[in-house]
Amino acid sequence: MAIALTLLHSLISFVVGSVGMGLGSLILSGALTFGFNRTMVQIYRGETPQFETYFDGFQHFLQTLILFLLITAICMVGFVMLLIPGLIAAVGLSQAFYVLQDRPELGAIEALKESWRLVWSQGNFWKVVGLGFLSLFVILLGALAFGIGLFFAIPVVSVAGAGLYDELKGPSFDSEGVHFV
């Protein structure tokens, strides 16, 4: 299932990216990322996502667009300042789409804050960085396998990212976003 959804996401992202010299990608990437992350989280949690789940981001279109634009702008400013602030911003905001897909009522700004909190609490920063390096290594190995390995590497990395989010989130929220604490 993860392989099929990754192929679907890649195909749709390619088509959308070719519209209007990348304008389609700028406008739709947030909604598509939301849906893709939601399906990967469901797979990680042992659920079987429905095909329509991939398009759930369009139900929260404005929030996903704002979130995508904010993450892009913050990381770009960080990278312009120097490489390290951009990397710190990217790591700190890396969980924002997972947070939003789990709790869409939060909105973009609160999802950014929650992502930052998840990453920077209890030494989680290094877990996120570690998975990032491991993911890069797995994808490079997939590419070295004549590119065919990417059909397996990208879904594995995507589901692992969903698993990292669940670990960082901990038991304070259930899968419907109901707060236990």
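For the sequence shown, counting from 1, position 78 maps to 78 in this note's numbering; every step adds exactly one. The beta carbon of each residue, even a glycine, is placed where N, CA and C say it ideally should be.
Would DSSP call residue i helix, strand or coil?
{"i": "A153", "result": "helix"}
{"i": "I71", "result": "helix"}
{"i": "R195", "result": "Examination of residue 195 is not possible in this model, given that the chain is present from 1 through 181 alone."}
{"i": "T64", "result": "helix"}
{"i": "M1", "result": "coil"}
{"i": "T53", "result": "helix"}
{"i": "S18", "result": "coil"}
{"i": "T6", "result": "helix"}
{"i": "I148", "result": "coil"}
{"i": "T33", "result": "helix"}
{"i": "G24", "result": "helix"}
{"i": "E47", "result": "coil"}
Can you tell which of the options has its C-alpha closest to the C-alpha of residue i?
{"i": "G161", "options": "A108, R38 and G107", "result": "R38"}
{"i": "Q63", "options": "I109, V156 and P155", "result": "I109"}
{"i": "I66", "options": "S10, T33 and L8", "result": "T33"}
{"i": "E167", "options": "V19, G17 and V41", "result": "V41"}
{"i": "F97", "options": "L83, S18, S10 and L118", "result": "L118"}
{"i": "W116", "options": "K127, A89 and S135", "result": "A89"}
{"i": "G111", "options": "G46, F68, I3 and F58", "result": "Correcting the residue identity first, residue 111 is Ala in this sequence and not Gly. Taking only the C-alpha atoms, the option nearest A111 is F68."}
{"i": "L87", "options": "W126, F137, F14 and E47", "result": "W126"}
Near residue i, what residues of its chain come up, given a Cβ to Cβ distance below 7 Å and the 5 sequence neighbours on each side ignored?
{"i": "L106", "result": "V99, L100 and E114"}
{"i": "T6", "result": "I154, P155 and S158"}
{"i": "I12", "result": "L32"}
{"i": "I74", "result": "A89 and L93"}
{"i": "K169", "result": "L118"}
{"i": "A61", "result": "This sequence places Phe at residue 61; Ala is not what is there. So the qualifying residues of the chain are A31."}
Note down, in chain order, each residue of its chain lying with its Cβ closer than 6 Å to the Cβ of residue i, except the 5 sequence neighbours on either side.
{"i": "L164", "result": "L131"}
{"i": "V16", "result": "G24, S25 and L28"}
{"i": "S135", "result": "V157"}
{"i": "W120", "result": "none"}
{"i": "N124", "result": "L168"}
{"i": "F36", "result": "H9"}
Excluding sequence positions up to five away, which residues of its chain have a Cβ less than 8 Å from the Cβ of residue i?
{"i": "L8", "result": "Y54"}
{"i": "P49", "result": "M1, L5, R38, T39, Q42 and I43"}
{"i": "L150", "result": "I139, G142 and A143"}
Please specify which runs of the beta strand (DSSP E), each continuous and at least 3 residues long, are wholly inside the stretch 80-143, giving them in chain order. none
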